[in-house]
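J.: Chains A and B, in that order, give the protein sequences.
The first sequence begins at 1 in our numbering and counts up by one.
The second sequence begins at 1001 in our numbering and counts up by one.
Please find one structure pasted underneath; my questions will follow.
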Amino acid sequence: MSAAAVERIAHDYLEVRGLVVDFDGFHAVDGVDLTVTKGDLRFLIGPNGAGKTTIIDAITGLTKATGSAVFGVELLGMATHRIVRAGVGRTFQTASVIEDLTVLQNLDIAAGMRRRRLTLLRARKSTPPEVTAALETIGLAEHADKRAGTLAHGQKQWLEIGMLLVQDARLLLLDEPVAGMSAEERQQTGELLQHIAQTRTIVVVEHDMEFLRSFADSVTVLHQGKVIAEGSVAEVQADPKVIEVYLGPSETFAPAAERPPKERPKVTGPSRPVATAPEKFRPPRKITPPTGGADA
Amino acid sequence: MKLVWQSKWTLWAGLAVAVIAVVLAPLLLNDFRLALLAKYLCYAMVAVGIGLAWGQGGMLTLGQGLFFGLGGYIMAMHMKLADAKGGVPDFMSLYGTGEVPIWWEPFRSPGVTLVAIVAVPALAALILGWAVFTRGVRGAYFAILSQALVYAFALLLVNQQQTTGGTNGLNGFKGFFGLALSDPANKRMLYFIAAGVLVAMVIATRALMRSRFGELLIAVRDQENRVRFLGYDPAWTKVFAYVIAAVFAGIGGALFVPIVGIISPANVGVTPSILFLAGVVIGGRTTLLGPVLGTIGLRFVETQLSETYPAFWTYFQGALFILVICFLPQGMASIGTWLKWLRRRREVTA
Ligand SMILES: Nc1ncnc2c1ncn2[C@@H]1O[C@H](COP(=O)(O)OP(=O)(O)O)[C@@H](O)[C@H]1O
Ligand SMILES: [Mg+2]
């Protein structure tokens, strides 16, 4: 990487202010402020329906939002592909790679957005070095010529992360990257994310508490579209508001040894059903066009 | 899915077969049959473009008659003007004001004509594609829009009898760039030109499908919105493929005119536009040669059947269409894969 590029990355940070996403009067995201700097592996947690995915959708131009989201430039109002060219990359809750293309072709396309248009008309003669490097990093080198559609779920998630690396995203927004992975795969993914976070800004939406405790540098807790707590893992898990609205009585947020007493914490006001396991079983969200298209 | 164009070997084998077929045809067929084959080759050019835009790019191009017609009418105007030797084309003195309209004038020049045959369909597709794809119009909506446009185009041609020949279209050509069309040797040469152009289009399409652009086009077809998150604007990828398909259709239309001797609204309207697609469906839209072979085969059967049983043809075509869509959604080109699957299944159950 050139010195200029290193310098540029050193000043990267995401600054979200007063973000509001309005679905016909329902504020799925309701005035969120969020600042994430490079080198800080940030986890975004919250019950099912808290608005985590919607925040990512808003930042990446998939959903209309008001307020501001700055990563070098103001992202709100930009077309998705321009946001991506500004260095923002994301993954989806349900891995969405291009199934009919091989692993290599997926990575090559992701690497290609800055290629000159006319060079697209030529066939790939050799594997670009950044693609080779990414194949190694995500451990899919031996599957390079496999159709992406035939990969296991965890491998698809890795491929997506690999695609973000080759497209040189400087802000990575990962929506539940370890959902459905085995313990060992989670460990590998976590280490990979920690490694990437040294040079890039990362926000991970996650539900798995074990994973969070092992790898998060800091945590933002979202509830009903609002940030209710932010800080280190220890700070957040000690926050009474968090325990009350998110963790619930049976959540194993704290490590087994320091698990809170089994009795239910007092819940004031009308209680909202709290998040439990079902998050995993939510029907996959379809990617909808960012602007009102007349698609069937 | 196995892709026919993937190996070098199949390319060379395919090319060899094509060259042999092209050379043998004039020896085996009489002049009448050869002219028919040349006509099928023009339709096949449209089909190659549809294979790219629809098979590879997912755009249901049900309005290629528009571009076929643009190319065809431009060529026909030039040939009419050339026949008139600086004067007024015959039909204009009969039905019109007896004056050549101003927008015909540029096509007196052979150079302008040749450029326009490529440029006008390209420009039309560029504007249309830009307007449609950047607004996210897709699928059935795009198909309906294409059909409406081609309907309007045919209607316009019919209504402008003084300048377009109306329902009769433009016909009765005598020469083609200085060559007498009455000479069978020149007719044979037209066949070779059509064959050469078609082979060039197939080779160019193969190169495009294998290029990074071809991969991107598949990505856009399968997951248009995902591609935005890779930093591409999918609209322009589609527009480019659409423009190529339009240019192929325009060239096909232009060569159709001297070969068949007529271009009329009946060659460019709604029905011909659907027929352009039929050969592609039957041959296999995602393959390179499927659209070509499907189109030539279908048109051949059409001629045979409609000569002997004119009423039967329509039913036959409908039945074939349904059979292919139900049992071979990837077209005849997938018959090999299908047979292999059957055999494997028998082995498993045996
Ligand atoms: N397109 C949409 N239209 C209306 N409501 C939506 C839409 N997308 C999400 N929501 C709602 O917004 C809220 C936040 O959803 P989401 O961001 O997916 O939550 P999370 O990712 O935190 O589980 C949920 O109540 C959800 O039902
Ligand atoms: Mg979510």
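We treat Cβ as the ideally placed atom computed from N, Cα and C, and that holds for glycine.
Cβ atoms of residue 159 of chain A and residue 148 of chain A: under 9 Å apart, would you say?
T.: yes
J.: Counting contacts by CB-CB distance shorter than 9 Å, is residue 1242 of chain B in contact with chain A?
T.: no
J.: Report the residue ranges of all alpha helix (DSSP H) runs contained in full by the segment 1252–1337 of chain B; include only those spanning at least 4 residues, in chain order.
T.: 1265–1268, 1270–1283, 1290–1308, 1312–1327
J.: Near residue 1129 of chain B, which residues of its chain fall below 7 Å by C-beta distance, leaving aside the five closest residues on each side in sequence?
T.: The answer, listed in chain order, is 1238, 1239, 1242, 1243.
J.: Leaving out five residues on either side along the sequence, give the residues of the same chain with a beta carbon under 7 Å from the beta carbon of residue 216 of chain A.
T.: 41, 43, 233
J.: If distances are taken between C-alpha atoms only, which option among B:1317, B:1246, B:1340 comes closest to residue 1051 of chain B?
T.: B:1246
J.: Is there a Cβ of chain B sitting closer than 9 Å to that of residue 84 of chain A, yes or no?
T.: Yes, residue 84 of chain A lies at the interface with chain B (some Cβ there is under 9 Å from its Cβ).
J.: At a cut-off of 8 Å, would you count residue 175 of chain A as near ligand 2, judging by its Cβ distance to the nearest heavy atom?
T.: yes
J.: Report the rounded CA-to-CA distance for residue 225 of chain A versus residue 30 of chain A, giving the unit in angstroms.
T.: 5 Å
J.: Name the DSSP bridge partner or partners of residue 223 of chain A?
T.: A:226
J.: Run through the DSSP bridge pairs and tell me what residue 35 of chain A is partnered with.
T.: A:15
J.: Using DSSP bridges, identify the partner residues of residue 1171 of chain B.
T.: Paired residue(s): B:1262.
J.: Kindly list, in the order they appear in chain B, the residues whose Cβ is closer than 8 Å to that of residue 163 of chain A.
T.: 1230
J.: How far does the alpha helix (DSSP H) with residue 201 of chain A in it reach, from first residue to last?
T.: Counting along the chain, residue 201 of chain A falls outside any alpha helix (DSSP H), though it belongs to the beta strand (DSSP E) covering 201–205.
J.: Taking one C-beta from the segment 97–107 of chain A and one from the segment 1247–1266 of chain B each time, how about it: are there three or more such pairs within less than 8 Å?
T.: no
J.: Please confirm if residue 1322 of chain B has its CB atom under 9 Å from at least one CB of chain A.
T.: no
J.: Would you check whether ligand 2 has a heavy atom nearer than 8 Å to the C-beta of residue 53 of chain A?
T.: At least one heavy atom of ligand 2 is nearer than 8 Å to the Cβ of residue 53 of chain A, so yes.
J.: Report the residue from B:1288, B:1083, B:1280, B:1307 whose alpha carbon sits nearest the alpha carbon of residue 1295 of chain B.
T.: B:1280
J.: Who are the Cβ neighbours of residue 270 of chain A in its own chain at under 6 Å, not counting the five residues just before and after it?
T.: For residue 270 of chain A, the predicted structure reports a pLDDT of 40, less than 50, and the residue's modelled location is therefore unreliable. A value from the coordinates is still provided. Annotation for residue 270 of chain A: no residue places its beta carbon closer than 6 Å to its own, counting only its chain and skipping 5 residues before and after.
J.: Going by beta carbon distance, what residues of the same chain come within less than 8 Å of residue 1039 of chain B, once the five residues before and after it are set aside?
T.: 1256, 1259, 1260, 1299
J.: Flag this pair as yes or no: are the beta carbons of residue 1070 of chain B and residue 1132 of chain B separated by less than 9 Å?
T.: no
J.: Quick check: what's the CA-CA separation for residue 1333 of chain B versus residue 1268 of chain B?
T.: 27 Å
J.: Spell out the partners DSSP gives residue 1342 of chain B in its beta bridges.
T.: Answer is none; residue 1342 of chain B lacks a bridge partner.
J.: With residue 175 of chain A as the anchor, note down where its beta strand (DSSP E) starts and where it stops.
T.: 171–175
J.: Which of the three DSSP states, helix, strand or coil, is assigned to residue 26 of chain A?
T.: strand
J.: Please work out which residues of its chain come closer than 7 Å, Cβ to Cβ, to residue 74 of chain A, disregarding the five sequence neighbours upstream and downstream, and give them in chain order.
T.: 68
J.: Quick one: grab the DSSP three-state call for residue 74 of chain A.
T.: Shown here, residue 74 of chain A sits in a strand according to DSSP, grouped into three states.
J.: Could you tell me which residues DSSP puts in a beta bridge with residue 68 of chain A?
T.: A:17
J.: Are the beta-carbon atoms of residue 1229 of chain B and residue 115 of chain A separated by less than 9 Å?
T.: No, the pair does not count as a contact, with Cβ atoms beyond the cut-off.
J.: Counting only C-beta atoms, is residue 1223 of chain B closer than 9 Å to chain A at any point?
T.: yes
J.: Given a threshold of 16 other Cβ atoms within 10 Å of its Cβ, counted over all protein chains shown, does residue 1054 of chain B qualify as buried or as exposed?
T.: Buried, because 16 or more other Cβ atoms sit within 10 Å of the Cβ of residue 1054 of chain B.
J.: Return the CA-CA distance between residue 177 of chain A and residue 1193 of chain B, expressed in angstroms with no decimal places.
T.: About 57 Å.
J.: Does the beta carbon of residue 1064 of chain B fall short of 8 Å from some heavy atom of ligand 2?
T.: Here the distance from the Cβ of residue 1064 of chain B to the nearest heavy atom of ligand 2 is not below 8 Å.
J.: When Cβ atoms are compared, which residues of the segment 1208–1219 of chain B fall closer than 9 Å to chain A?
T.: 1208, 1210, 1211, 1212, 1213, 1214, 1215, 1216, 1218, 1219
J.: Using CA coordinates, which residue listed in B:1177, B:1146, B:1062 is at the minimum distance from residue 964 of chain B?
T.: The structure shown does not extend to residue 964 of chain B, since chain B is modelled only from 1001 to 1350, so the question has no answer here.
J.: For residue 1226 of chain B and chain A, any beta-carbon pair shorter than 9 Å?
T.: Closer than 9 Å to some Cβ of chain A, the Cβ of residue 1226 of chain B qualifies, so yes.
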